[in-house]
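Visitor: Per UniProt numbering: the sequence shown = residues 1 to 336. Glycine residues also receive a C-beta, built at the ideal position from the N, C-alpha and C atoms. Every value quoted in this text rests on a predicted model; they were computed, and no experiment measured them.
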Amino acid sequence: MTMRPRVLLAMDPATFALQFGPEELTRLAGLATLGDPIVVSGLDAVDPARLAETEVLITSWGCPPITAAQLNAAPRLRTVLHAAGSVRSLVPPDLHDRGVQVATAATMNAVPVAEYTLAAIILAGKRVLPLAQVGREQPVGWQNSFATRTLSNLGRTIGIVGFSTIGRKVLDLLRVLDTGSVLVADPFADPDLVRAAGAELLPLPEVLGRAEILSLHAPLLPSTHHLIGGAELALLPDGATLINTARGGIVDSAALLAECASGRLDAILDVTDPEPLPAGHPLLALPNVTVTPHLAGSLGSETRRLSHFALDGLAAYVAGEPLPGAVTPEASELSA
Numbered sequence: 001m002t003m004r005p006r007v008l009l010a011m012d013p014a015t016f017a018l019q020f021g022p023e024e025l026t027r028l029a030g031l032a033t034l035g036d037p038i039v040v041s042g043l044d045a046v047d048p049a050r051l052a053e054t055e056v057l058i059t060s061w062g063c064p065p066i067t068a069a070q071l072n073a074a075p076r077l078r079t080v081l082h083a084a085g086s087v088r089s090l091v092p093p094d095l096h097d098r099g100v101q102v103a104t105a106a107t108m109n110a111v112p113v114a115e116y117t118l119a120a121i122i123l124a125g126k127r128v129l130p131l132a133q134v135g136r137e138q139p140v141g142w143q144n145s146f147a148t149r150t151l152s153n154l155g156r157t158i159g160i161v162g163f164s165t166i167g168r169k170v171l172d173l174l175r176v177l178d179t180g181s182v183l184v185a186d187p188f189a190d191p192d193l194v195r196a197a198g199a200e201l202l203p204l205p206e207v208l209g210r211a212e213i214l215s216l217h218a219p220l221l222p223s224t225h226h227l228i229g230g231a232e233l234a235l236l237p238d239g240a241t242l243i244n245t246a247r248g249g250i251v252d253s254a255a256l257l258a259e260c261a262s263g264r265l266d267a268i269l270d271v272t273d274p275e276p277l278p279a280g281h282p283l284l285a286l287p288n289v290t291v292t293p294h295l296a297g298s299l300g301s302e303t304r305r306l307s308h309f310a311l312d313g314l315a316a317y318v319a320g321e322p323l324p325g326a327v328t329p330e331a332s333e334l335s336a
């Protein structure tokens, strides 16, 4: 490691403009030796001599997956700092075996997703989104068109699927509510850690059978594809709301459509399968289903949290300190 390592940024130009303003670029220049251009859209566009000298790679959205051939052409690469979320599709599985550290700003990206989830949980408790449509369609006497006694955020049983970075942040934010039981389903979670987070770890069927509001925060893996299918949705209590900010493929869309079309369940979906839903998809027409265009994650000024985190990682690397947000090989296999 050198005192001012040679650093290359790889990401979509629009992402770079969003995440790196004058403040961030000044800090970057104080920590690194930079080339021209500072940022590239992918490693294939980099001069071979420059790539061979690169010690630290800062990536974000829009960077194509890093290939073995590119790593072979970068023998001095020691660290990849990802100013976004999951690195699962970005780096090859053997990156750690090459002696390259990987760190991600996923903990920072978890903040707005958890905030969105908390807002969705609060709105779901009083069925705000579907009843807003009732108010528009029945401006006179609309308050008599539903049972207000079932609308409440006091004592609700909340189910969380996935004790992930985002799932843990949601549990932290839920402390502001007077909830009832908060239940977690995750086969890899430590019961003591879940308990310390204010929740109870239970098998998925038990969580589903009790959750009045269910929020999904599991990664999409072969083992979690359609984790929530028809049989699982049938376990949810009548009137429950499903919230998905994770990945659309975790839920069987056809089964969810059937449950929501019957009026038994509500849904708030920031991700879908397919994504986006095609025009005219029946889920889009249901008054008790709200679909947002994958906006729960970091947007606008929120993305600066991610670049600041990556720069903190660069500063740690220069100082010879542990990287914040370091990703182990085991963790990368279980991330979204």
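Within the continuous alpha helix (DSSP H) that includes THR303, where are the two ends?
Guide: Segment 303-319, the alpha helix (DSSP H) holding THR303.
Visitor: Are three or more beta carbon pairs between the stretch 101-110 and the stretch 190-206 nearer than 8 angstroms?
Guide: At 8 angstroms Cβ cutoff, the stretches do not touch.
Visitor: Three or more beta-carbon pairs under 8 angstroms between the stretch 278-293 and the stretch 51-69, yes or no?
Guide: With a cut-off of 8 angstroms, the stretch 51-69 and the stretch 278-293 do not count as touching, because too few Cβ pairs lie within range.
Visitor: Out of curiosity, what's the CA-to-CA distance linking SER41 and LEU306?
Guide: 18 angstroms
Visitor: Select from LEU95, LEU323, THR328 the residue whose C-alpha is nearest the C-alpha of GLN70.
Guide: LEU95
Visitor: Using alpha carbons as the reference points, say which of ALA296, ARG264, GLY249, ASP190 lies closest to LEU277.
Guide: Per the Cα distances, GLY249.
Visitor: Short of 7 angstroms in beta carbon distance, which residues of its chain neighbour ARG127, apart from the five on each side in sequence? Order them along the chain.
Guide: LEU151, ASP266
Visitor: Along the chain, which unbroken stretches of the beta strand (DSSP E) at least 3 residues long are found entirely within the stretch 38-104?
Guide: List check, beta strand (DSSP E) in window: 56-59, 79-82, 101-104.
Visitor: Does DSSP put LEU227 in a helix, in a strand, or in coil?
Guide: coil
Visitor: When the Cα atoms are used, what is the spatial distance from LEU171 to GLY198?
Guide: 7 angstroms
Visitor: By the three-class DSSP mapping on this structure, what secondary structure does GLY325 have?
Guide: coil
Visitor: Counting Cβ pairs, one atom from each stretch, are 3 or more of them under 8 angstroms apart for the stretch 173-191 and the stretch 72-83?
Guide: no
Visitor: In chain order, what residues of the same chain have a beta carbon less than 6 angstroms from the beta carbon of VAL113, not counting five sequence neighbours either side?
Guide: ILE166, THR245, ALA296, GLY297
Visitor: Skipping 5 residues on each side, what residues in its chain have a beta carbon closer than 7 angstroms to that of PRO322?
Guide: ALA316
Visitor: My output table needs one value for LEU118: the three-state DSSP class, helix, strand or coil.
Guide: helix
Visitor: Please state whether the Cβ-Cβ distance between ILE243 and ALA120 is less than 9 angstroms.
Guide: yes
Visitor: Could you give the distance in angstroms between the alpha-carbon of VAL182 and the alpha-carbon of GLY320?
Guide: 41 angstroms
Visitor: Quick one: residues in its chain with C-beta nearer than 6 angstroms to the C-beta of SER215, no 5 flanking neighbours on either side, listed in chain order?
Guide: Same-chain partners within the cutoff: THR117, ILE160, ILE243.
Visitor: Please state the DSSP three-state secondary structure of THR107.
Guide: Residue state, collapsed to three classes: helix.
Visitor: For the stretch 217-279, list the alpha helix (DSSP H) runs that are entirely contained and at least 4 residues long, ordered along the chain.
Guide: 230-235, 253-261
Visitor: Bridge partners for THR290 per DSSP, in chain order?
Guide: Under DSSP, the beta-bridge partners assigned to THR290 are ILE268.
Visitor: Would you report the Cα separation of residue 337 and THR79, rounded to the nearest angstrom?
Guide: Any property of residue 337 remains undetermined from this structure, which presents the chain solely from 1 to 336.
Visitor: Helix, strand or coil for ALA196? Go by DSSP, reduced to three states.
Guide: helix
Visitor: Pull up the distance between the alpha-carbon of ALA196 and that of ILE158, whole angstroms please.
Guide: When the Cα atoms are used, ALA196 and ILE158 turn out to be separated by approximately 16 angstroms.
Visitor: Determine the contact status of PHE163 and VAL134, defining contact as a CB-CB distance below 9 angstroms.
Guide: no
Visitor: Could you check the C-alpha separation between ALA49 and ALA211 for me, to the nearest Å?
Guide: 57 angstroms
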